[in-house]
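Let me begin by presenting the structure, written as structure tokens, before commenting on it.
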Amino acid sequence: MELIEDAVLIQNGTKRWRYDNGGSTHEMDLPIFSIDIHPDGSRFATGGQGEDSGRIVIWNMAPVVSEKIENDENIPKMLCQMDNHLACVNCVRWSFSGRFLASGGDDKLVMIWKISKYASAGGNTVFGSGKVNVETWRCATTLRGHNGDVLDMAWSPHDAWLATCSVDNTVIVWNALKMPEMVAVLKGHSGLVKGVAWDPVGKYVASQSDDKTLRIWRTADWQQDAVISEPFEECGGTTHVLRLSWSPDGQYLVSAHAMNGGGPTAQIVEREGWRQDKDFVGHRKAVTCVRFNSNILQKSYKSWCKPQQYCCCAIGSRDRSLSVWLTALKRPLVVIHELFSNSVLDLSWSGSGLQLMACSWDGSVAFVEFSEEELGKPLTLDEKSTLHERMYGKFLSPSARQTCVVETPELLEVREKQAEMKDPVVPANQTEPATEQPVTQRTPMKGPINKQIETRTSDGKRRITPMFIPPAPDSGDVPQPFGASGSQQPTFSSSSETKSRIVIEKRDDIVTPNVSGGSNSRPCDTTSAVSATPVVNSTSCPPTLNNQVLGQRITPNISDGRLEVQKVSRSVPPSVTTKRRIDTAVSVGTKLPVVKRSRPPVTSGSDKQLQPTSLPQSSGDEGLSGVGDVDSGPGLKLPPLRLQNGKGLVVRISGGNGLVKSRRLEVENRACGSSFGPLTKVRVFSDGCSSGDMPQWEAVLGYPVSGSVANSQLVVIACEDATLHLLQTDTGQRPLPPLVLSSPASRLALNASQQVMAVTCRGNLSVWDVLKGKALVRNESLLPIMQAEPGSVVTILSCSLTEEGHPLVSLSTGKAYMFSAELSSWLVLANSSDPVQRSSAHRAFVSTLSASQNTGGLPLACLQSHIISGVSLLGQGSSANALCTVTFMEQQLAACRALNSKQEFHSWLLALARFLTQEGLETRLRLICDDLLGPTHSHAKHSKSWDTSVMGFSKHALLREILPLIGSNLHLQRIYTEYSDQLAMLSEEK
Amino acid sequence: MAKVQVMNVVVLDNPSAFLNPFQFEITFECLEDLQEDLEWRIIYVGSAESEAFDQVLDTVYVGPVPQGRHMFVFQADPPDPAKIPIADVVGVTVVLLTCSYRGQEFIRVGYYVNNDYGDPELRETQPPSAPQFDKLQRNILATNPRVTRFKVDWDDNPNKHNKISSSSSQLDVSTTSMDEPIKANLLNSSTNDSIVSMEL
Numbered sequence: 000m001e002l003i004e005d006a007v008l009i010q011n012g013t014k015r016w017r018y019d020n021g022g023s024t025h026e027m028d029l030p031i032f033s034i035d036i037h038p039d040g041s042r043f044a045t046g047g048q049g050e051d052s053g054r055i056v057i058w059n060m061a062p063v064v065s066e067k068i069e070n071d072e073n074i075p076k077m078l079c080q081m082d083n084h085l086a087c088v089n090c091v092r093w094s095f096s097g098r099f100l101a102s103g104g105d106d107k108l109v110m111i112w113k114i115s116k117y118a119s120a121g122g123n124t125v126f127g128s129g130k131v132n133v134e135t136w137r138c139a140t141t142l143r144g145h146n147g148d149v150l151d152m153a154w155s156p157h158d159a160w161l162a163t164c165s166v167d168n169t170v171i172v173w174n175a176l177k178m179p180e181m182v183a184v185l186k187g188h189s190g191l192v193k194g195v196a197w198d199p200v201g202k203y204v205a206s207q208s209d210d211k212t213l214r215i216w217r218t219a220d221w222q223q224d225a226v227i228s229e230p231f232e233e234c235g236g237t238t239h240v241l242r243l244s245w246s247p248d249g250q251y252l253v254s255a256h257a258m259n260g261g262g263p264t265a266q267i268v269e270r271e272g273w274r275q276d277k278d279f280v281g282h283r284k285a286v287t288c289v290r291f292n293s294n295i296l297q298k299s300y301k302s303w304c305k306p307q308q309y310c311c312c313a314i315g316s317r318d319r320s321l322s323v324w325l326t327a328l329k330r331p332l333v334v335i336h337e338l339f340s341n342s343v344l345d346l347s348w349s350g351s352g353l354q355l356m357a358c359s360w361d362g363s364v365a366f367v368e369f370s371e372e373e374l375g376k377p378l379t380l381d382e383k384s385t386l387h388e389r390m391y392g393k394f395l396s397p398s399a400r401q402t403c404v405v406e407t408p409e410l411l412e413v414r415e416k417q418a419e420m421k422d423p424v425v426p427a428n429q430t431e432p433a434t435e436q437p438v439t440q441r442t443p444m445k446g447p448i449n450k451q452i453e454t455r456t457s458d459g460k461r462r463i464t465p466m467f468i469p470p471a472p473d474s475g476d477v478p479q480p481f482g483a484s485g486s487q488q489p490t491f492s493s494s495s496e497t498k499s500r501i502v503i504e505k506r507d508d509i510v511t512p513n514v515s516g517g518s519n520s521r522p523c524d525t526t527s528a529v530s531a532t533p534v535v536n537s538t539s540c541p542p543t544l545n546n547q548v549l550g551q552r553i554t555p556n557i558s559d560g561r562l563e564v565q566k567v568s569r570s571v572p573p574s575v576t577t578k579r580r581i582d583t584a585v586s587v588g589t590k591l592p593v594v595k596r597s598r599p600p601v602t603s604g605s606d607k608q609l610q611p612t613s614l615p616q617s618s619g620d621e622g623l624s625g626v627g628d629v630d631s632g633p634g635l636k637l638p639p640l641r642l643q644n645g646k647g648l649v650v651r652i653s654g655g656n657g658l659v660k661s662r663r664l665e666v667e668n669r670a671c672g673s674s675f676g677p678l679t680k681v682r683v684f685s686d687g688c689s690s691g692d693m694p695q696w697e698a699v700l701g702y703p704v705s706g707s708v709a710n711s712q713l714v715v716i717a718c719e720d721a722t723l724h725l726l727q728t729d730t731g732q733r734p735l736p737p738l739v740l741s742s743p744a745s746r747l748a749l750n751a752s753q754q755v756m757a758v759t760c761r762g763n764l765s766v767w768d769v770l771k772g773k774a775l776v777r778n779e780s781l782l783p784i785m786q787a788e789p790g791s792v793v794t795i796l797s798c799s800l801t802e803e804g805h806p807l808v809s810l811s812t813g814k815a816y817m818f819s820a821e822l823s824s825w826l827v828l829a830n831s832s833d834p835v836q837r838s839s840a841h842r843a844f845v846s847t848l849s850a851s852q853n854t855g856g857l858p859l860a861c862l863q864s865h866i867i868s869g870v871s872l873l874g875q876g877s878s879a880n881a882l883c884t885v886t887f888m889e890q891q892l893a894a895c896r897a898l899n900s901k902q903e904f905h906s907w908l909l910a911l912a913r914f915l916t917q918e919g920l921e922t923r924l925r926l927i928c929d930d931l932l933g934p935t936h937s938h939a940k941h942s943k944s945w946d947t948s949v950m951g952f953s954k955h956a957l958l959r960e961i962l963p964l965i966g967s968n969l970h971l972q973r974i975y976t977e978y979s980d981q982l983a984m985l986s987e988e989k
Numbered sequence: 000m001a002k003v004q005v006m007n008v009v010v011l012d013n014p015s016a017f018l019n020p021f022q023f024e025i026t027f028e029c030l031e032d033l034q035e036d037l038e039w040r041i042i043y044v045g046s047a048e049s050e051a052f053d054q055v056l057d058t059v060y061v062g063p064v065p066q067g068r069h070m071f072v073f074q075a076d077p078p079d080p081a082k083i084p085i086a087d088v089v090g091v092t093v094v095l096l097t098c099s100y101r102g103q104e105f106i107r108v109g110y111y112v113n114n115d116y117g118d119p120e121l122r123e124t125q126p127p128s129a130p131q132f133d134k135l136q137r138n139i140l141a142t143n144p145r146v147t148r149f150k151v152d153w154d155d156n157p158n159k160h161n162k163i164s165s166s167s168s169q170l171d172v173s174t175t176s177m178d179e180p181i182k183a184n185l186l187n188s189s190t191n192d193s194i195v196s197m198e199l
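For the record, the sequence lines run as chains D and R.
Numbering that gives the first Met the number 0 numbers the first residue of the first sequence as 0 and each following residue consecutively.
Numbering that gives the first Met the number 0 numbers the first residue of the second sequence as 0 and each following residue consecutively.
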């Protein structure tokens, strides 16, 4: 063993590595509370006290290991210093993947760091200290949850969770895959929690506290599994930390400070029954930290025929010494006395297991290197996992989320099947990339990247939108091993150039600074901060242009609290396309609308969009005057149907079934004259025939046609005289005389069962069943659903008729309705502005049914696609979001039932089951299962209150589909077993 | 946790004529999108003797500030010569660059400034009795910024915000008291005037 005691370094500059850049070497030895070696051994991190903040430093490991590299001036020793914690950093821990560094401190915060590469712009120095950051680590997430200093942290195996413990007496388990989601808050300790450690197979997490207990928590339900207090009864709260550790084979948990017979020990707690009959004795003062080597070691001794496997553990103590133990030996492998001049505070083994580092209150770090002969040969990862499997059973998935053991063989089978199927619809927890950090949805452009933009506030101050420096794309996010080749150290430049490279663009806009509590500026709504982001011109406009912009300020009239907008006249030079914005806010307590002003885009003549045929156009000045008294009376005014050019239209009629060829309906207004007026000609051609050919049939109408719909059975023609003509597509015969509408038609719809819907200009809706010759809906008003806020206009986006003859209407308000004749009422089928839907995270759970299949079979999806715009932000995992998702899915199910959309009902039901399963919402899941299972007693068949089918699906069949989904969450395996057993029993009875 | 970290400040146009504007090119990093604008301020300490001679050269709002790294140039007019005590015109003083969020100052960067005549004759042999500002040279000791950081409430405790904004007058008091350490520094170094001039 080689102890490189002279490689002792101090966090603020080092005894041997004194940095000459900047010249401000601090000889104050501020305590280093934590140390952790990166899994690849290239770096190590220290955390502790900085001058006026907490401090994290990432160091290059190579100079510590090799003296030759240490003496090479070109190789940086310090890679990055982060002073972001407001107070002392008590713990730093690398994730197993090495991508993330977690830090926790006295400021109650946990920060997750990842490496980032910035474009050269911007300083890489630690501002004001003269130190150079060779690497840039940025805070990816901040975890706020503790109410007191965070003292210790631990990543769970496979980086699924991060456990943090605090002086607030709690341990918080964070979802490391979905930061900052909290998985559990472990409450039970009645004193400061000073250490936390995961069981290497992820079944338990242990914590040690000043309340003289060590507690073991189950990860299956986050409940306390055991409290161990006996070895700690005599302990006083004399240590800053109590970092306990679990052996890599999972067999032993070793505590920090315990007492046995009046002497300080490190208590060994055996996994088997949490027995506590062994301990590590010898330290003269309290044990502060224990850290197991992550390797299981192996050595062949001559006396034993079989190589023996054991673990290796380092113990640090307030007695300033360090001991290293092998579980195969009764005595310590080595003890280094007086390693530091103050308490040891943290220990870390390298991934190879041959290097050990320790840090101390005295502000220094020690490095110890072992040889393989001394420690033993580490098992390979495969050997280690085989050992784990042999000891703890097979773990189903490498994903550490599934850390439960399968209890029934059937479930194992189900799960294996699921894995084989590789269903495109996998539960969301499996689709997530294992180590990806949450991608916060942001606008890609955060600000101008080539200039700063200056505007003025109403009181004459400047407001600057700074130039955004985009980070270079992360290079795989995993820090590269820091080679001895060394990278170029950036030079600190305090250049005295007279001009900055930043282009300053001055604008004469009057803006309100986005500040609260300022002397004369009022807060404006937060959205303005976003909208204030200026449009980036690809060409920076010369400042002289601004002189041509004539702007007048809007003066807030503070006296009476009202906003007086003075006339604002602007002439913008045509070449400049800037979005201009004026917003003002006045007077205490009033929020004012933001006045937005933007130049309309310069439109060229070619911009006019062609309207599709038979789409209603907003009424022009001509027409309609003689037809109906549209303007008078209460109610709605909808644009009437109108032919595109007033002359005629062509409607394609698809064959319906394969036997009939497609046809073409042609309508021509004023096609021929008669002595009493012009006639309208209606002709149906089989597809492929030109207008000159012989039509299948033709007919004439005495009034101009305003619109038409047709399918393979029926042609519906609305005339301008507010009549509706129905003709059979095959023959042209009339099943009914013309129907009279209460006012001209605005919308028409038709379904395959020869039901016709018409919406009139006055907003009345009728549905007729042509075959049965009766009305399904009579002149129902659209007013209840189309009442607009004053000043706004509600328009119909789409109108259709379900196969059952229920009219569907989707509106520009983002809502969609169905009229139920049975209930004589409008039903809300979708509401895109509903906060419930917006905060629902259902998207991950809905199968991609709609994308792969014809939307014709999915009326609900079809309807909602009209109104739902944009993708809702993915839920950040609060409980309200889960509730919203469940509520929304249940709404969708009800809508599917109303629409009688079987396919969608099925898909939403499975989605709901999937979601409930993932969230572990057992009660609701049981409700669903109970209904699907029905009564289980022997008279079940005669039960009146329970239908065996729902929406045309056998309930039992549905349950059979849902159960495997439930099986995907091992925490719910009891439900799975319970229902599958009962289901099997019922089918046997049959 | 400080949401905004100043990464670097480059003093532009330095040394320069006394009557030229101050220019600082500031690079800062923001850890999370800020709800409100930052408020940057340049304060020229007219006299080490009294705060009464402090001149706020300019105040700018900087925003919106989304998460990420940003850069801007803060330019401010030179101090009003009429407001500087004649005895303090020539010699070492301080210029402060401060930044506040929600009215709370969280960083203060102090630079020593040496004002002296460019002309050796004016400097050494016969300093004019009345200051000739057009001949004065200003030299900012750009390599040695004194950075002081203060803990403030970033949007961590939303319920506290109202309290803070309503008691802005109190904050002003505390802001001025923060001047003390750097003033004290300044006094030490200006009495012992060899320190700064040597480094210059």
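C-beta: ideal position from N, C-alpha, C; glycine also.
Note that this is a predicted model, so its numbers are computed, not measured.
Going by DSSP in three states, residue i sits in which element: helix, strand or coil?
i, result
"tyrosine 251 of chain D", "strand"
"serine 944 of chain D", "coil"
"proline 639 of chain D", "coil"
"glutamate 269 of chain D", "strand"
"phenylalanine 149 of chain R", "coil"
"glutamine 136 of chain R", "strand"
"serine 979 of chain D", "helix"
Please report the distance separating the alpha-carbon of residue i from that of residue j.
i, j, result
"glutamine 891 of chain D", "glutamine 48 of chain D", "54 Å"
"glutamine 487 of chain D", "methionine 70 of chain R", "Its pLDDT being 39, under 50, glutamine 487 of chain D is placed unreliably in this model, and the value from its coordinates should be taken loosely. Glutamine 487 of chain D and methionine 70 of chain R: Cα-Cα distance of roughly 23 Å."
"valine 3 of chain R", "phenylalanine 27 of chain R", "7 Å"
"cysteine 311 of chain D", "asparagine 292 of chain D", "5 Å"
"threonine 326 of chain D", "valine 63 of chain D", "28 Å"
Sort the options by Cα distance to residue i and report the nearest one.
i, options, result
"leucine 964 of chain D", "D:Gly951, D:Cys928, D:Ser986, D:Ser944", "D:Cys928"
"glutamine 754 of chain D", "D:Ser299, D:Trp907, D:Cys760, D:Leu735", "D:Leu735"
"leucine 96 of chain R", "R:Leu33, R:Leu37, R:Asn19, R:Ser128", "R:Leu37"
"serine 49 of chain R", "R:Pro65, R:Glu31, R:Ala16, R:Val93", "R:Val93"
"glutamine 66 of chain R", "D:Asp768, D:Arg506, D:Ser707, D:Pro469", "D:Pro469"
"tryptophan 58 of chain D", "D:Tyr251, D:Ser65, D:Ser52, D:Phe43", "D:Phe43"
Any heavy atom of the ligand NAD closer than 8 Å to the Cβ of residue i?
i, result
"alanine 910 of chain D", "In the structure shown, the ligand NAD is absent, as is every other ligand, since no ligand is present at all."
Starting from the beta carbon of residue i, find every residue of chain R whose beta carbon is closer than 7 Å, and list them in chain order.
i, result
"threonine 163 of chain D", "Simply none; closest approach about 15 Å."
Q) Quick one: any contact between the stretch 202-211 of chain D and the stretch 173-181 of chain D, if contact means 3 or more CB pairs under 8 Å? A) No, the stretch 202-211 of chain D is not in contact with the stretch 173-181 of chain D.
**Q.** Inter-stretch contact at 8 Å, needing at least 3 Cβ pairs: the stretch 977-987 of chain D / the stretch 134-143 of chain R
**A.** No contact exists between the stretch 977-987 of chain D and the stretch 134-143 of chain R.
Q) Can you find at least 3 beta carbon pairs, one from the stretch 54-67 of chain R and one from the stretch 103-119 of chain R, that sit closer than 8 Å? A) The stretch 54-67 of chain R makes no contact with the stretch 103-119 of chain R; the number of CB pairs closer than 8 Å stays below 3.
(Q) Would the stretch 143-161 of chain D count as touching the stretch 82-94 of chain D if we require 3 or more Cβ pairs under 8 Å? (A) The stretch 143-161 of chain D makes contact with the stretch 82-94 of chain D: 3 or more CB pairs, one atom from each, lie closer than 8 Å.
Q. Between the stretch 221-235 of chain D and the stretch 961-977 of chain D, are three or more C-beta pairs nearer than 8 Å?
A. No, they do not touch.
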